[in-house]
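**Q**
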Amino acid sequence: MATLIAPSNHSPQADAEALRKSFEGWGTDEKAIIVILGHRTVYQRQQIRRAYEEIYQEDLVKRLESEIKGDFEKTVYRWILEPADRDAVLANVAIKSGKNYNVIVEIATILSPEELFAVRRAYLHRYKHSLEEDVAAHTSGHIRQLLVGLVTSFRYVGEEINPKLAQTEAEILHDAVKEKKGSYEEAIRVLTTRSKTQLVATFNRYREIHRTSISKKLVDEESDDFQKALYTTIRAINDHIKYYEKVIRNAIKKVGTDEDAVTRVIVSRAEKDLKLISDVYYKRNSVNLEHAVAKETSGDYKKFLLTLLGKEE
Amino acid sequence: MAFNQELEALTKAFSGHGVDEKSLVTILGKWDPLERESFRKNTPHSFIEDHERHFQRWDDHYVRLLKHEFVRFKNAVVLWTMHPWERDARLVKEALKKGPSAYGVLVEVACTRSSEELLGARKAYHSLFDHSIEEDVASHIHGIERKLLVALVSAYRYEGTKVKDETAKSEAKILSNAIKNVHKKPINEDDEVIRILATRSNKHLRAVYKHYKEIAGKNLDEDLDDLRFKETVQCLCTPQIYFSKVLNAALRIDVDKNTKKSLTRVIVTRADIDIKDIKTEYHNLYGVSLPQNIEEVARGNYKDFLLNLIARG
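Protein chains in written order, with our numbering: chain A, 1 to 313; chain B, 314 to 626.
1) When the Cα of D504 of chain B is compared with those of B:E535, B:E458, B:A529 and B:K526, which residue comes out closest?
2) For D333 of chain B, count neighbouring C-beta atoms within 10 Å of its own C-beta (all shown protein chains included) and say buried if the count is 16 or more, exposed if not.
3) Run through DSSP, which three-state label would Q57 of chain A get?
4) Going along the chain, which unbroken runs of the alpha helix (DSSP H) with 4 or more residues stay wholly within the segment 168 to 201 of chain A?
5) Just the Cα atoms here: how many angstroms apart are I487 of chain B and H129 of chain A?
6) Determine the DSSP secondary structure at A563 of chain B, reduced to helix, strand or coil.
7) When you compare the segment 409 to 417 of chain B with the segment 367 to 379 of chain B, are there three or more beta-carbon pairs, one atom per stretch, that lie closer than 8 Å?
8) Are the CB atoms of I34 of chain A and D260 of chain A nearer to each other than 8 Å?
9) Which residue marks the beginning of the alpha helix (DSSP H) containing D363 of chain B, and which one marks its end?
10) Please list, in chain order, all residues of the same chain as R353 of chain B whose beta carbon is under 6 Å from its beta carbon, the five residues on each side excluded.
11) Quick check on DSSP: helix, strand or coil for W371 of chain B?
12) Any C-beta of chain B sitting closer than 8 Å to the C-beta of Y156 of chain A?
13) Return helix, strand or coil for H330 of chain B, following the three-state DSSP convention.
14) State the DSSP-derived secondary structure class of A584 of chain B, mapped to helix, strand or coil.
15) Could you work out which residues of chain B lie near S153 of chain A, taking near to mean beta carbons separated by less than 8 Å?
16) Residues of chain B with a CB under 8 Å from the CB of K302 of chain A: which are they?
17) Quick check on the DSSP output: the alpha helix (DSSP H) that includes W79 of chain A runs from which residue to which?
18) In whole angstroms, what is the alpha-carbon distance linking D71 of chain A and E30 of chain A?
19) From L90 of chain A to R78 of chain A, what does the alpha carbon distance come to, in whole angstroms?
20) Which residue comes first and which comes last in the alpha helix (DSSP H) that contains N621 of chain B?
21) With Y525 of chain B as the anchor, note down where its alpha helix (DSSP H) starts and where it stops.
22) Buried or exposed: where does K303 of chain A fall if 16 or more other Cβ atoms within 10 Å of its Cβ makes it buried?
23) Any Cβ of chain A within less than 8 Å of the Cβ of A451 of chain B?
24) Let me see if you follow: with CB-CB separation under 8 Å, is Y416 of chain B close to chain A or not?
25) Since E17 of chain A meets chain B, which of its residues come closer than 7 Å, beta carbon to beta carbon?
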């Protein structure tokens, strides 16, 4: 369930012209940018980019980058890129900074296998390296094995479950992840190659055997990058709606707010299932996600986020 | 033709790769019972003389081998008409079933196909076998070869021309050090070696190959003792040499079943790609032309079919 509100028809030319107008004169008319781009689907946004290029022989993205600033600019930039391209950029940022490996895990596990391949293609196009090449060159040890395995996966998509396999692999995960014995390599093999349906069955079997969910108490303050990424992998595959709710809840709660995380969740899910995430948020926090975001953010950045959240003017 | 000549011709018709259907029809088809008895008595490796009861019976094992030879043409036809994606998916599946002696085929498929062709094979694998390639490779292979093979089948390499020579040089050094230290750390446990071979682009790896030769004085594949790693480097850096070697091994008399099959596999999979270059390399290495070798060792429709496929290049 998406939160984005967009008209069923629009004129890319008229939108391009309106955006051009918003750049002219003194300063920039941010409101126009928000009202137009905040109400267009991914397909419509790409049409606007093409129309703008055709009419003005200029790259709309580059122009926007020069016209607006700060968190607002970051958000609009992520919103206007094609999703695969955007995720390639986010992955590259995560790789180069060496932090936020969970972003890479999200891309690799929550997108469909075809969507992940589109990201890999976009990454090749942008950076002249393969995604796995860069991940591998910037990491080592277990975290490398896990991340490379995740980004190179092309999981089978199907409803079949092998219950015996779910049993044996639940045990493999238990040994490696909870008991910290056994081999991480086997756990990584299971998590990076099995279909999502099979993995969910495995996690359920785990819960039946051990009376507790596999991700409970998997991480604490002393967890290293690998353990955190392992935790993210399991949670994102098991229930990505709950996972995203937690990401955005923590991002908002944090002193100073983690704008990057808030932006990432809203921009990447507004056309997919942000409504479901928002519902879970309300159930858990008794506060509307819109209100929480409105409280912790400000300015054009806030207005844009609220527009993507489906807030009517 | 005198009977002795006919005997010779018929023996020849049954020996080699495939069978000479025409000779069987014209010669065998006109022989009377005495001539056929003479044939049985004169080919002791195909027939067993029962001295007690005075008759000669077919050697069962030989009849089974004969079946393979009759069907060699049919297999070539089926493989040739198959979609390349299905072909590669089936080759992988078959190799996994056969076991470690056939894992070279996994390396061959993963390292000599373009990135999009390998993706296609992964898609076809989903469709045919309801599993992902990496899932099956990872769960069937438990030994030291697993890490390399899973990484190879999951690759989606950059295919452009951009290469950072500095990086290629330093990675040649990494490989050289790893090879010098194999007694301390076996090559298939060296994550850096696997990273370089499984993620870098072909162009990059050829630069690494060149720098390695400058540092170590020998070719990279010559210095690698592990067969899979050797094949990996050969397939990625010198594919025509690799394929020439495989063909030459297959074209010997009295080779095992699997080696024999590689003749069909290589010719069918390379006829549209680089068979011309392979022919040139074959001549360089062995001083004899590939068509000539095939003429000597293959028979009948199978032979004619292969020669036709090669002549297209």
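For each residue, glycine too, the CB sits at the ideal point set by N, CA and C.
**A** Considering the structure as presented:
1) B:E458
2) buried
3) coil
4) 184 to 193
5) 19 Å
6) helix
7) no
8) no
9) Element bounds for D363 of chain B: not the alpha helix (DSSP H) but the beta strand (DSSP E), F360 to D363.
10) F360 and Q369
11) strand
12) yes
13) strand
14) coil
15) S445, E447 and S467
16) Going along chain B, no residue has its Cβ under 8 Å from K302 of chain A, so there is no contact; the nearest lies around 39 Å.
17) G70 to I80
18) 13 Å
19) 9 Å
20) G613 to A624
21) N515 to A529
22) buried
23) yes
24) no
25) Chain B residues near E17 of chain A: none, gap ~37 Å exceeds 7 Å.
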